[in-house]
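J.: One structure coming up, written as structure tokens, with questions to follow.
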Amino acid sequence: MTTGDKAKRATVGIGPVAIAGFQMPDGSYWMSQTQAAECVGKPQRNAGRFLESKGIKALRGEGYTPDTIGVDSADQVRGQARFNALPLDVVSAYWLWEASKGNQQAIALCYALMTETLERRFDAVFGVERSEGDRNALLVQRLERAEADLTALGEAYAEPDLLRMEVEQLRQQVRV
Numbered sequence: 009m010t011t012g013d014k015a016k017r018a019t020v021g022i023g024p025v026a027i028a029g030f031q032m033p034d035g036s037y038w039m040s041q042t043q044a045a046e047c048v049g050k051p052q053r054n055a056g057r058f059l060e061s062k063g064i065k066a067l068r069g070e071g072y073t074p075d076t077i078g079v080d081s082a083d084q085v086r087g088q089a090r091f092n093a094l095p096l097d098v099v100s101a102y103w104l105w106e107a108s109k110g111n112q113q114a115i116a117l118c119y120a121l122m123t124e125t126l127e128r129r130f131d132a133v134f135g136v137e138r139s140e141g142d143r144n145a146l147l148v149q150r151l152e153r154a155e156a157d158l159t160a161l162g163e164a165y166a167e168p169d170l171l172r173m174e175v176e177q178l179r180q181q182v183r184v
């Protein structure tokens with residue numbers, strides 16, 4: 009993107025979160041680096057570290073940096089004329105990276121969005137029509153269920169892990 013490109017802004021619902029989505033003149037979709045991080049419970053600098061990682065450089069090229077985009081003046085929110093933005097493939101890679109590191113919010117988000125993507129394809133083949141409101145309500149339910157399941161799973165494994173750590177500490181003390 010060149011710095012002269014102007015994006016159109018619209019609100020996009022991702023489950024219970026409403027984010028600012030942007031459409032570039034070429035038709036591609038982008039979101040702010042800050043909101044990409046906030047969707048998985050991280051600060052903006054965390055997304056910045058991801059953009060400096062070897063993984064994103066392998067995907068996007070050695071010198072990849074986020075683009076700074078401007079917003080059409082009709083869509084502009086005061087104080088936000090220009091900001092760092094990421095194309096959706098980079099946002100997706102960042103969320104998967106966070107999920108791979110055990111970020112439960114990212115795991116739930118990736119799971120819910122992947123399920124929705126598959127469901128949309130099946131709906132298309134079987135002629136099922138759903139409104140975006142219905143799809144978003146399903147996404148909210150999936151996110152809530154996934155987060156609850158991950159919490160329960162974490163609690164179920166926490167006690168054995170703690171016991172295993174205690175046993176290891178005792179073994180270390182006996183060896184000394």
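Going by the numbering used here, the first residue of the sequence shown is number 9, and it counts up by one from there.
Glycine is no exception: its CB is placed at the ideal position from the N, C-alpha and C atoms.
Only counting the same chain, and skipping five residues up and downstream in sequence, which positions put a Cβ closer than 6 Å to that of Ala145?
T.: Only residues of its own chain outside the window of five on either side were considered, and among them none has a CB closer than 6 Å to the CB of Ala145.
J.: Output the distance between the C-alpha atoms of Thr76 and Arg172, rounded to the nearest integer angstrom.
T.: 48 Å
J.: Throw me the rounded Cβ distance for the Leu96 and Tyr37 pair, which I believe falls under 8 Å.
T.: 5 Å
J.: Suppose the cutoff is 8 Å on Cβ atoms and the five residues either side in sequence are ignored; what does the same chain contact list for Asp80 look like?
T.: Lys14, Ala15, Lys16, Arg17
J.: Would you tell me roughly how many angstroms separate the C-alpha atoms of Thr10 and Gly78, rounded to the nearest one?
T.: At Thr10, the pLDDT of 46 sits below 50, so the modelled position is not reliable; the number obtained from the coordinates is stated separately. In a straight line, the C-alpha of Thr10 is about 10 Å away from that of Gly78.
J.: Measure from the alpha carbon of Val25 to the alpha carbon of each residue in Gly49, Arg129, Leu104, Gln180, then state which is nearest.
T.: The candidate whose alpha carbon is nearest that of Val25 is Gly49.
J.: Rounding to the nearest angstrom, what Cα-Cα distance links Ile64 and Tyr102 in this structure?
T.: In a straight line, the C-alpha of Ile64 is about 8 Å away from that of Tyr102.
J.: Between Leu117 and chain D, is there a C-beta pair that is closer than 8 Å?
T.: This model lacks chain D altogether; it includes just one protein chain.
J.: Ile22 to Glu174, Cα distance in whole Å?
T.: 41 Å
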